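In the numbering used here, the protein residues as written are 29 to 902. Ideal Cβ placement from N, Cα and C applies to all residues, glycine included. All values derive from a computational prediction rather than experimental measurement. Data block below; observations after.
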Amino acid sequence: MSLLVVLAVGLPTSASASVVAPWTPLGLGGEGGMFAQAISPIDPKLMMVTCDMGASYVTRDGGVSWEIIDWRQLGSMGGGGACPPVFHPTDVNTIYAYGQKNYGTPSLLVTRDKGSTWSVLSSPWGGTQITALYQDRGNTNLMLAGVNNAVYWSANEGATWTLASGASGAAAKFFIDWRSPVASRICYVGGSGGVFRSTDSGRNWSAFNAGLGSTNLRSFTGGANASTLSLFATDVNYVTWRSVDGGAWTNVTGVVASRQPWQVATSEVNPDIVYVTANNGAFEDWTNYQNPPTFQNTTTMLWKSVDRGVTWNPACYQFHVGSGNVEWTWETFDRPAQRWDDGTLVRNFMVSQTDPACAIAGDWARCLTTRDGGATWKQMTSTYADSGAPAAGKRWKTSGLSVTNAFTYSISPHNANFHYIGLADIALLRSEDAGQTWIYSAVGDPWPNTVYQLAYDPDLLGTMYGAASDQHDISMWGGNAGPTLDGGVIKSTDYGRTWTAASNGLPVAGSKLPTVSVVVSPVDKSLYCAVYGGWIYRSTDKAASWTQCACSGLFAGTVNNHNLWKLIAHADGTLFAIVEGKLVQGASWDFPDPGAVFRSSDRGATWTNITTNVTGGKPLYNPQGFDVDPGNSAIIYIAASNGKYPNDTQWGLYKTVNGGSTWTKFAMPFSDSFSNSVKIDPANTNAVYFMSTANMYVTGDAGATWAEACPWAPYSNYFYFSLYHPSYTIYMATMGVSALKGTLTPLSLGAVAVTGVTGSGATITWTTNVPADTQVDYGTSTAYGSTTTLAPVRVTSHTVTLSGLTAGTTYHIRARSIDGSGAVGLSGDVVFFTTTASADTTPPVISAVAASAITASSATISWTTNEASDSQVE
29 MSLLVVLAVG LPTSASASVV APWTPLGLGG EGGMFAQAIS PIDPKLMMVT CDMGASYVTR
89 DGGVSWEIID WRQLGSMGGG GACPPVFHPT DVNTIYAYGQ KNYGTPSLLV TRDKGSTWSV
149 LSSPWGGTQI TALYQDRGNT NLMLAGVNNA VYWSANEGAT WTLASGASGA AAKFFIDWRS
209 PVASRICYVG GSGGVFRSTD SGRNWSAFNA GLGSTNLRSF TGGANASTLS LFATDVNYVT
269 WRSVDGGAWT NVTGVVASRQ PWQVATSEVN PDIVYVTANN GAFEDWTNYQ NPPTFQNTTT
329 MLWKSVDRGV TWNPACYQFH VGSGNVEWTW ETFDRPAQRW DDGTLVRNFM VSQTDPACAI
389 AGDWARCLTT RDGGATWKQM TSTYADSGAP AAGKRWKTSG LSVTNAFTYS ISPHNANFHY
449 IGLADIALLR SEDAGQTWIY SAVGDPWPNT VYQLAYDPDL LGTMYGAASD QHDISMWGGN
509 AGPTLDGGVI KSTDYGRTWT AASNGLPVAG SKLPTVSVVV SPVDKSLYCA VYGGWIYRST
569 DKAASWTQCA CSGLFAGTVN NHNLWKLIAH ADGTLFAIVE GKLVQGASWD FPDPGAVFRS
629 SDRGATWTNI TTNVTGGKPL YNPQGFDVDP GNSAIIYIAA SNGKYPNDTQ WGLYKTVNGG
689 STWTKFAMPF SDSFSNSVKI DPANTNAVYF MSTANMYVTG DAGATWAEAC PWAPYSNYFY
749 FSLYHPSYTI YMATMGVSAL KGTLTPLSLG AVAVTGVTGS GATITWTTNV PADTQVDYGT
809 STAYGSTTTL APVRVTSHTV TLSGLTAGTT YHIRARSIDG SGAVGLSGDV VFFTTTASAD
869 TTPPVISAVA ASAITASSAT ISWTTNEASD SQVE
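Take a look at the structure:
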């Protein structure tokens, strides 16, 4: 579960890293297993699906566009084993699902706004996975849940639950005979323990298995009309079974046995129409693809019967004599020999409970829907965005339903309209319109599974280099156990439209040592690449040939671990390399061979382990991300995950300011086990971004304080982070939902108001559009000279009281706020005047007036006053 962060260029001092939701998915769409599909019985345009990477999606427009549900609202419905969500049968806004809320214990959740926000419904089974969930269409208070080889019932729409008796096994699906009395519903459930029937609304159950050849069922379903009730099931031996009107089970022999019938599905309102998915209905021969394909064999993924299983016909077939009834995606044209849209629907199929002609299905690359009973199928993962007919090399864009790992998002320094996404299983995508549409871009790549990193030639426009590999998902899951497949460096001279191998001197084919990193030195323009499980190589002729660096001291302290992951070529000529921890093959999370970060000052000849003192002399078992201050190679940050999960406590972010002699571990406002990416903003090195599985966090003061940078988490695992500042755009590459784009909100200050002015003080107020701290510069000129004590709590309404001012004086002030990213917001100059002392309008009281020393020409006049006053006689 590795995270890679790369920050392209720095934020100007007026910008903030607060992201405005929703995120926009980028890429071509699809390319992962899609499970647990569901359709609203009220609005067929409202659908949900989850994927093998854990994300959940909702569409409200029939699959034209999909929204990734906020991971903190609904996290991980269970992947391939997920229970499909249940749509309320009368309230279109309400949906039930099993998942996590705020990364907590998995629970039964409910949404009242069509999937945007979710809340927990208390349940007696705790975090145990729900395998089946049902809500009665005729009595919505009645709900049934299959949990942990048992059945529970609720009489108040899931508010409280009671354990039922009699049923056993893992429930696959429920069905309620909607014709039965509301007060005593007849219910059925099928699963690994067989079929059970209840006549008291699910309180008590008894076996209903007469005639079944096996009670270990994979799937179960039922439908009824006014006169007939039909039940269907498939077992682990690939046999399809049917029961009509409560009779014994009989073998449905019409399904092609060689296709291994897997999942059976019906609509609740029609007992005649039934569908069965084919476990091996995929392409039999992956070596003889043509473009366009012209198969002479039938690759049927789904079979349909309109007579309760007496006769069957293909209902979803990819190709049949050169054609089929399934809409093609970009992959059909661009990757005919390396495809994932193989047609294996297996358990990924659901029919609308109110319309047998409406269904949704998924395979390992696409999500499909039919609205005509399987006559035609529309794919809902990709949108064609080019002129003319679809063909190889044309532009597409995702519908939002992207399901794959992205390892890098890169914008060409040669032409900002050229964007690239390096992904697992797809290799590379290219956009020539700044990310609006995308083109498959791995033509000529001899290792077309994954591109981990890109580098650009500093002299030749359009020339670029890639670290390519046939081994995917290195730095996550079992990929940390070491190399297993080949890879190398690839080169393009036409902005990535075509590629050739550029690996002369690197490990030969069959060595199973893939290249994972390639960089260009800004000092001498040499290329360096890192080989996973191998060594570091240098090229001085633009990748025409490679020579292994001497690498003296490399891997010192990492025991038997050569898991090189990423290189950094610093502006001062220093090279850095990170070696990730080496996972024990088959262990859940154990890294006995530690990782490290190494530094070389002589072009890779000698290396020094700079992480021997990170944790008090203990090895750093699982470092996974690092960055170096672009202006000072002695300042380094390392992001580490736990190395011996769950007992290890090395998770966190570490910093050195002296090249590794000493390290500081930051105190974070959150805890995690996997936090693997860090990036310094090159334009403001006090701003540092730290990625965890929960979200992205940012500091504006070089780590003294941290804040959440994204108010909304579309997914839980982030590999890569990039900012493109001319348009205040953020790009995120994720472990599972491809790349995402968000718009930054630049920090701005509202008008500054001065109130309550006295001879010695004043109150200053202003607002900011994002949370920021509070401070005021003030003085008797625009040089200010004084600054108030910082109020560090980030708020949007700011108040500062000035005191100790001089009466009758002109003052200049400037409001100052810094947001969580370190962006500084300054107001314009504001002028105000302190007041003078209050005027005395009461005259003195004169008394005791007397005249003395009177002569012909003079006299002395005297008097007293009640306060000090001047003297004058008229």
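Legend entry - From Tyr665, Val148, Ser151 and Glu185, residue whose alpha carbon lies closest to that of Tyr162: Ranking the options by Cα distance to Tyr162, first place goes to Glu185.
Legend entry - Minimum C-alpha distance to Lys73 - residue among Thr838, Thr870, Gly90 and Leu240: Looking at the Cα atoms, Gly90 is the closest of the given residues.
Inset, instruction - Report yes if the C-beta distance between Gly778 and Thr829 is below 8 Å; otherwise report no. - result: It is not a contact, given that the beta carbons lie outside the stated cut-off.
Inset, instruction - With DSSP collapsed to three states, give me the class of Ser855. - result: Correct three-state label for Ser855: coil.
Inset, instruction - Check whether the Cβ atoms of Glu296 and Phe202 sit closer than 8 Å, and answer yes or no. - result: Going by C-beta atoms, Glu296 is not nearer than 8 Å to Phe202.
Inset, instruction - Could you tell me which uninterrupted beta strand (DSSP E) segments, each at least 3 residues in length, are contained entirely in the stretch 576–618, listed from first to last along the chain? - result: Listed in chain order, they are 592–597 and 603–607.
Inset, instruction - On a CA-only basis, which of Gly538, Asp487 and Thr543 is nearest Thr521? Give me that one, please. - result: Just measuring C-alpha positions, the residue of Gly538, Asp487 and Thr543 sitting nearest Thr521 is Asp487.
Legend entry - Glu902 (DSSP reduced to helix, strand or coil): Coil at Glu902, not helix or strand.
Inset, instruction - State the Cα-Cα distance for the pair Gly154 and Pro134, rounded to the nearest angstrom. - result: If you draw a straight line from the Cα of Gly154 to the Cα of Pro134, it comes to about 8 Å.
Legend entry - Three-state secondary structure assigned by DSSP to Arg842: Correct three-state label for Arg842: strand.
Legend entry - Three-state secondary structure assigned by DSSP to Phe698: In the structure shown, Phe698 sits in coil (DSSP, three-state: anything other than H, G, I, E or B).
Legend entry - Spatial neighbours of Phe694 in its chain, beta-carbon cut-off 6 Å, leaving aside the 5 residues before and after: Excluding the 5 residues flanking it on each side, Phe694 has same chain C-beta neighbours closer than 6 Å at Leu681 and Gly731, in chain order.
Inset, instruction - Tell me whether Pro384 is buried or exposed, calling it buried when 16 or more other Cβ atoms sit within 10 Å of its Cβ. - result: It is buried - the Cβ of Pro384 has at least 16 other Cβ atoms within 10 Å.
Legend entry - Which listed residue (Lys129, Gly166, Asn167 and Ala160) has its alpha carbon closest to that of Ser150: From the listed residues Lys129, Gly166, Asn167 and Ala160, the smallest Cα separation to Ser150 is found for Lys129.
Inset, instruction - Give the secondary structure of Trp331 by DSSP, where H, G and I count as helix, E and B as strand, and everything else as coil. - result: In this structure, Trp331 counts as strand in the three-state DSSP scheme.
Inset, instruction - Answer with buried or exposed for Phe861, where buried requires no fewer than 16 other C-beta atoms within 10 angstroms of its C-beta. - result: Phe861 should be labelled exposed.
Legend entry - Beta-carbon proximity of Phe965 to Ser720, cut-off 8 Å: Here the chain covers residues 29 to 902 and nothing more, so residue 965 does not appear.
Legend entry - Cα-Cα separation, Asp313 to Trp475: Only weak support exists for where Asp313 lies, its pLDDT of 32 falling under 50; the value from the coordinates is given anyway. Straight through space, the alpha carbons of Trp475 and Asp313 are spaced by roughly 21 Å.
Inset, instruction - Find the nearest neighbour of Asp461 within the set Thr491, Arg423, Ser427 and Ala530, judged by alpha-carbon distance. - result: Among Thr491, Arg423, Ser427 and Ala530, the Cα nearest to that of Asp461 is on Arg423.
Legend entry - Alpha-carbon to alpha-carbon, Val804 and Ser897: Spanning the two alpha carbons is a distance of roughly 43 Å.
Legend entry - Trp269 burial status per 10 Å Cβ neighbour count (16 or more: buried): By the 16-neighbour rule on beta-carbons within 10 angstroms, Trp269 is buried.
Inset, instruction - Taking 8 Å as the threshold, find out whether the stretch 110–122 comes into contact with the stretch 93–100 through three or more Cβ pairs. - result: The stretch 110–122 vs the stretch 93–100: no contact.
Legend entry - Short Cβ contact (8 Å threshold) for Thr690 with Asn641: Yes, Cβ-Cβ distance for Thr690 and Asn641 is below 8 Å.
Inset, instruction - State buried or exposed for Gly856, treating a residue as buried only when at least 16 other CB atoms are found within 10 Å of its CB. - result: By the neighbour-count criterion, in which 16 or more other beta carbons inside 10 Å mark a residue as buried, Gly856 falls on the exposed side.
Legend entry - Residue closest to Gly60, alpha-carbon to alpha-carbon, out of Gln900, Pro542 and Leu451: Selected option, being the one with the closest Cα: Leu451.
Legend entry - Nearest to Asn232 (by Cα), restricted to the options Gly194, Ser766, Leu818 and Ala781: Per the Cα distances, Gly194.
Legend entry - Span of the alpha helix (DSSP H) around Asp12: The first residue shown for the chain is 29 and the last is 902, placing residue 12 beyond what the model contains.
Inset, instruction - Reducing DSSP to helix, strand and coil, say where Arg287 ends up. - result: The answer is helix: DSSP assigns Arg287 an H, G or I state.
Legend entry - CB contact flag (Thr827, Thr793, <8 Å): Yes.
Legend entry - Proximity below 8 Å, CB of Ala571 to CB of Val517: Result yes, Cβ atoms of Ala571 and Val517 sit closer than 8 Å.
Inset, instruction - Report whether the distance from the Cβ of Thr521 to the nearest heavy atom of the ligand HEM is below 7 Å. - result: No copy of the ligand HEM appears in this structure; indeed no ligand is present at all.
Inset, instruction - Identify whether Val92 lies in helix, strand or coil by the three-state DSSP scheme. - result: Secondary structure of Val92 (DSSP, three-state): coil.
Inset, instruction - Return the CA-CA distance between Leu54 and Val716, expressed in angstroms with no decimal places. - result: One C-alpha to the other measures close to 25 Å.
Inset, instruction - Please classify Arg458: is it buried, with 16 or more other beta-carbons within 10 angstroms of its beta-carbon, or exposed? - result: Answer is buried; the Cβ neighbour count reaches 16.
Inset, instruction - Please state if the CB of Thr526 and the CB of Val471 are separated by a distance shorter than 8 Å. - result: Yes, the Cβ-Cβ distance between Val471 and Thr526 is below 8 Å.
Inset, instruction - Given a cut-off of 8 Å, decide if Ser427 and Val92 are closer than it, judged by their beta-carbon atoms. - result: Pairing Val92 with Ser427 gives a Cβ-Cβ distance under 8 Å.
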